[in-house]
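Have a look at the structure below, then the notes.
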Amino acid sequence: MDTFAREMPDIRAEVFRETAARMSILPAIVEKDFWVCWALKRVFSLDNSIPGLIFKGGTSLSKAYGAIRRFSEDIDLSMNRNDLGFAGGRDPAATLSNRARKALLSELQAATVEAIAGPVKEALTTAAISTLGADVDFVVDKNDPHTLLFAYPRSLGGGEQSDYAPPADPETVARSRTGEDIANRLRANG
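This note's numbering applies: residue 25 is where the sequence shown begins, and numbers increase by one.
Have a look at this one:
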């Protein structure tokens with residue numbers, strides 16, 4: 025995967041076009057799916073100093089087992105809230121009052137945003153640059169601090185990209201046992 029990711033853009037573009045033609049889909053969908061898979065590999069290669077991320081499945085898992093053939097628009101991940109300091113008495117599910125639970129959930133949300141914008145972003149950016157060079161970055165979305173954008177190196181021309189606008193949206197969630205989710209996104213934007 026890394027060898028192909030380092031290929032010249034015109035070589036990657038030709039492979040994406042050929043794959044798209046064989047599958048009767050747009051080349052931009054193939055390119056985005058490749059980079060989503062590449063980013064997912066990086067997410068699960070992070071060292072133990074990064075809060076634990078757990079793959080939840082959804083569309084990606086269904087695709088892997090052949091249950092569906094469509095490409096993923098999102099990848100669901102959960103962040104281990106224990107790694108963020110929300111265990112025992114700080115676990116929102118263990119809190120007796122609604123007010124205390126809401127306060128802890130607010131703190132948990134802030135902690136997930138901080139983890140994504142700090143150590144997760146830094147580790148992913150470092151891994152991407154060491155593998156691909158300076159033509160790649162992970163950036164916190166200015167409009168949504170829960171979103172980490174993956175600016176992958178595009179190989180297709182602008183016209184091919186404009187045919188397919190929706191970004192891939194791997195979602196990171198710090199889940200409490202109360203069923204309330206704090207969502208953070210890792211989105212592939214070429």
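Think of the CB as a built atom: it goes at the ideal place given N, C-alpha and C, for glycine as much as any other residue.
- Rounded to the nearest whole angstrom, the CA to CA distance from leucine 129 to proline 143 is 21 Å.
- Residue environment: glutamate 55 is assigned as buried (16 or more neighbouring CB atoms within 10 Å of its CB, all protein chains considered).
- Beta-carbon to beta-carbon, leucine 108 and alanine 135 are separated by about 4 Å, close enough to satisfy the 8 Å threshold.
- When secondary structure is reduced to three states using DSSP, methionine 25 falls in the coil class, being assigned neither helix nor strand.
- Distance from the CA atom of asparagine 106 to the CA atom of alanine 124, rounded to whole angstroms, is 18 Å.
- Setting aside the 5 residues that flank it on each side, alanine 152 is surrounded in the same chain by Val160, each with a C-beta closer than 6 Å to its C-beta; the list follows chain order.
- Looking from the CA of alanine 29, the closest CA among Pro51, Arg46, Trp59 belongs to Trp59.
- Contact check for proline 177 against proline 51 fails: the beta carbons are separated by 8 Å or more.
- Going by C-alpha positions, glycine 181 is about 35 Å away from glutamate 138.
- Assigned with DSSP and collapsed to three states, aspartate 159 falls in coil, not helix or strand.
- Around the beta-carbon of arginine 66, 16 or more other beta-carbon atoms lie within 10 Å, marking it buried.
- Per DSSP, leucine 70 is not a residue of any alpha helix (DSSP H), being assigned neither H nor E.
- Look at glutamate 31 here: in three-state DSSP terms it is coil, with no helix or strand label.
- The residue from Ala118, Ile140, Ala158 with its alpha-carbon nearest to that of serine 102 is Ile140.
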